[in-house]
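So the structure is just underneath, and the comments pick up after that.
In my numbering, the protein residues as written are 222 to 322.
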């Protein structure tokens with residue numbers, strides 16, 4: 222056995238996802254008044270679907286949140302996932318359309 226300790230910046234399993242989840246949740250919660258369990262589900266769906274809330278489920282949550290809240294939620298998630306210091310590189314964003322002249 223080794224007496225070495227793990228570095229202090231070591232993340233537990235799921236640390237990146239939980240960090241993204243907490244960041245988006247806090248940002249949307251600070252700006253919009255959405256019931257806690259509904260917001261938690263919306264954030265989870267958004268992160269699992271690469272920054273978008275699926276259209277089929279968007280109608281289900283439309284009674285709890287404004288259209289602006291969906292746009293803000295998706296914008297935060299996309300910025301965290303695909304932004305300058307994002308988790309994924311921009312070429313992995315499967316919804317991006319390349320327009321060639």
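In this text, a Cβ means the ideal position worked out from N, Cα and C, and glycines have one as well.
Quick one: is residue 272 buried, meaning 16 or more other Cβ sit within 10 Å of its Cβ, or exposed?
Mapped onto the chain shown, residue 272 falls at position 51. Its Cβ being crowded by 16 or more others within 10 Å, residue 272 is buried.
For the alpha helix (DSSP H) containing residue 287, name the first residue and the last one.
Position 66 of the chain shown holds residue 287. Segment: none, residue 287 is in no alpha helix (DSSP H) and carries neither H nor E.
Within 10 Å of its beta-carbon, does residue 305 have 16 or more other beta-carbons around it, so buried, or fewer, so exposed?
Sequence index remark: in the chain shown, residue 305 carries index 84 (1-based). Classification of residue 305: exposed, given that the 10 Å Cβ count is below 16.
Confirm, please, whether the CB-CB distance from residue 249 to residue 302 is below 8 Å.
Taking the chain shown and counting its residues from 1, one reaches residue 302 at position 81. Taking the chain shown and counting its residues from 1, one reaches residue 249 at position 28. Contact flag unset, no.
Within its chain, find whatever has a CB closer than 8 Å to the CB of residue 259; leave out the 5 residues flanking it on each side and keep chain order.
Here residue 259 corresponds to residue number 38 of the chain shown, with the count starting at 1. Same-chain partners within the cutoff: 282, 285, 286.
Taking the C-alpha atoms as reference points, what is the distance between residue 264 and residue 255?
Counted from its first residue, the chain shown places residue 264 at position 43. Counted from its first residue, the chain shown places residue 255 at position 34. The alpha-carbon atoms of residue 264 and residue 255 are separated by roughly 11 Å.
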